[in-house]
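Asks: First residue of the sequence shown? That's 4 in the working numbering, and the numbers climb one at a time after it.
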Amino acid sequence: MPKIFVIPGHGAGDPGAVGGGYTEAERVRALANRIKAYGGDNVMLADFGRNYYADNGISYLDLDSDTCIVELHMDSGGYGACGGHVIIQAGLGGPDQYDRNLESLMARIFPGRANTLVERDDLANPARAAAKGYNYRLVENGFISDAGDVATFNNRMDEIAKGYLQAFGIPVKGADVNEWPLIMWPSNGGSNQK
């Protein structure tokens with residue numbers, strides 16, 4: 004069972020996307036705190052006062068090889084844009100079981116995306132994590148610009164937090180492991196470092 008290092012996106016003066024009276028930076032920090040509350044010592048939180056994109060923070064991390072990185076975000080878009088998805092670095096052999104589990108979680112909680120798991124080679128933090136050999140993914144937890152996604156995010160935050168832990172096989176403190184159903188994809192047989 005891995006540990007997870009949770010990076011809430013933006014911060015350090017950058018609010019990220021704005022919608023429904025909320026900022027992305029504040030909302031993803033609230034989710035990160037819930038993941039930590041349910042995951043205990045199996046969850047490490049990044050410094051909330053930093054912006055890991057702006058200060059190249061991933062390049063200076065020193066994490067154990069069994070630690071997985073999850074970077075939390077919320078998307079923004081035009082009318083009708085909704086849904087969550089997982090982004091991984093292209094060219095590393097495709098998604099691993101954790102990526103697939105998170106894809107399932109996002110599709111169930113935040114439906115609406117045609118592509119719920121995408122590989123990209125044009126984002127700084129996935130590339131930085133790949134250069135360091137870290138197992139990494141960036142997750143867009145719905146659209147902050149969509150009232151429905153924001154309501155889901157706020158009203159189901161504990162369920163989302165527990166789903167993150169289940170995706171990595173981390174026990175949920177104070178909850179039956181089967182309390183939140185999640186499709187678990189079989190391992191692809193490789194370590195697939197992100």
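C-beta atoms are modelled at their ideal positions from N, C-alpha and C, and glycine is treated no differently.
Just so we're clear, the structure is a prediction, and the values are computed from it rather than from any experiment.
So the beta strand (DSSP E) P11 belongs to, where does it begin and stop?
Replies: Start at 1 with the first residue of the sequence shown, and residue 11 comes out as number 8. From DSSP, the beta strand (DSSP E) with P11 extends over K6 to P11.
Asks: From R123 to I91, what does the alpha carbon distance come to, in whole angstroms?
Replies: The sequence position of residue 123 within the sequence shown is 120, counting from 1. The sequence position of residue 91 within the sequence shown is 88, counting from 1. Taking the straight line joining both Cα atoms gives about 6 Å.
Asks: Which one of G94, K165 and F146 has the shortest CA to CA distance from V121?
Replies: The residue you call residue 121 lines up with position 118 of the sequence shown. It is G94 whose Cα lies nearest to the Cα of V121.
Asks: Out of G43, Y56 and R131, which has the shortest C-alpha to C-alpha gap to P18?
Replies: Your numbering for residue 18 matches position 15 in the sequence shown. It is Y56.
Asks: Using a 10 Å radius around the Cβ and a threshold of 16 neighbouring Cβ atoms, would you call D65 buried or exposed?
Replies: Translated into positions along the sequence shown, residue 65 becomes position 62. Flag for D65 reads exposed.
Asks: Whose CA, out of N157, N128 and V89, lies closest to the CA of E27?
Replies: For the purposes of this step, residue 27 is taken as residue 24 along the sequence shown, with counting starting at 1. Minimum Cα distance to E27 is reached at N157.
Asks: Just curious, the alpha helix (DSSP H) that F156 is in, first and last residue?
Replies: If you number the sequence shown from 1, residue 156 lands on position 153. A150 to N158 is the span of the alpha helix (DSSP H), which, as asked, contains F156.
Asks: Compute the Euclidean distance between the alpha carbons of Q169 and F113, then round it to the nearest angstrom.
Replies: Against the sequence shown, residue 169 aligns to sequence position 166. Against the sequence shown, residue 113 aligns to sequence position 110. Cα to Cα, Q169 sits roughly 17 Å from F113.
Asks: What's the gap between the Cα of F8 and the Cα of G16?
Replies: Within the sequence shown, numbered from 1, the residue matching residue 8 stands at position 5. Within the sequence shown, numbered from 1, the residue matching residue 16 stands at position 13. Cα-Cα distance, rounded: 22 Å.
Asks: Taking 9 Å as the threshold (C-beta atoms), are G87 and D161 in contact?
Replies: Taking the sequence shown and counting its residues from 1, the one referred to as residue 161 is at position 158. Taking the sequence shown and counting its residues from 1, the one referred to as residue 87 is at position 84. No, the pair does not count as a contact, with Cβ atoms beyond the cut-off.
Asks: With a threshold of 16 other CB atoms inside 10 Å of the CB of M77, please say whether the residue is buried or exposed.
Replies: One-based indexing of the sequence shown puts residue 77 at position 74. With 16 or more Cβ atoms within 10 Å of its Cβ, M77 is classed as buried.
Asks: DSSP on Y82, reduced to helix/strand/coil?
Replies: Reading the sequence shown from its first residue, position 79 is the one you call residue 82. Coil, per DSSP.
Asks: Can you tell which of K39, G97, G22 and P11 has its C-alpha closest to the C-alpha of A84?
Replies: In the sequence shown, the residue the question calls residue 84 occupies position 81. Comparing Cα-Cα distances from A84 to each of K39, G97, G22 and P11, the minimum goes to G22.
Asks: May I have the straight-line CA-CA distance separating L126 from G177, to the nearest angstrom?
Replies: Indexing the sequence shown from 1 puts residue 126 at position 123. Indexing the sequence shown from 1 puts residue 177 at position 174. Roughly 37 Å separates the two Cα atoms.
Asks: From which residue to which residue does the beta strand (DSSP E) around N138 run?
Replies: Along the sequence shown, one-based indexing puts residue 138 at 135. Note, N138: beta strand (DSSP E), N138 to F146.
Asks: Can you check which of these residues, D67, K165, L75 and D58, is closest to V31 by C-alpha distance?
Replies: For the purposes of this step, residue 31 is identified with residue 28 of the sequence shown, where counting begins at 1. Among D67, K165, L75 and D58, the Cα nearest to that of V31 belongs to L75.
Asks: In the structure shown, what three-state DSSP assignment does G96 receive?
Replies: Taking the sequence shown and counting its residues from 1, one reaches residue 96 at position 93. Coil at G96, not helix or strand.
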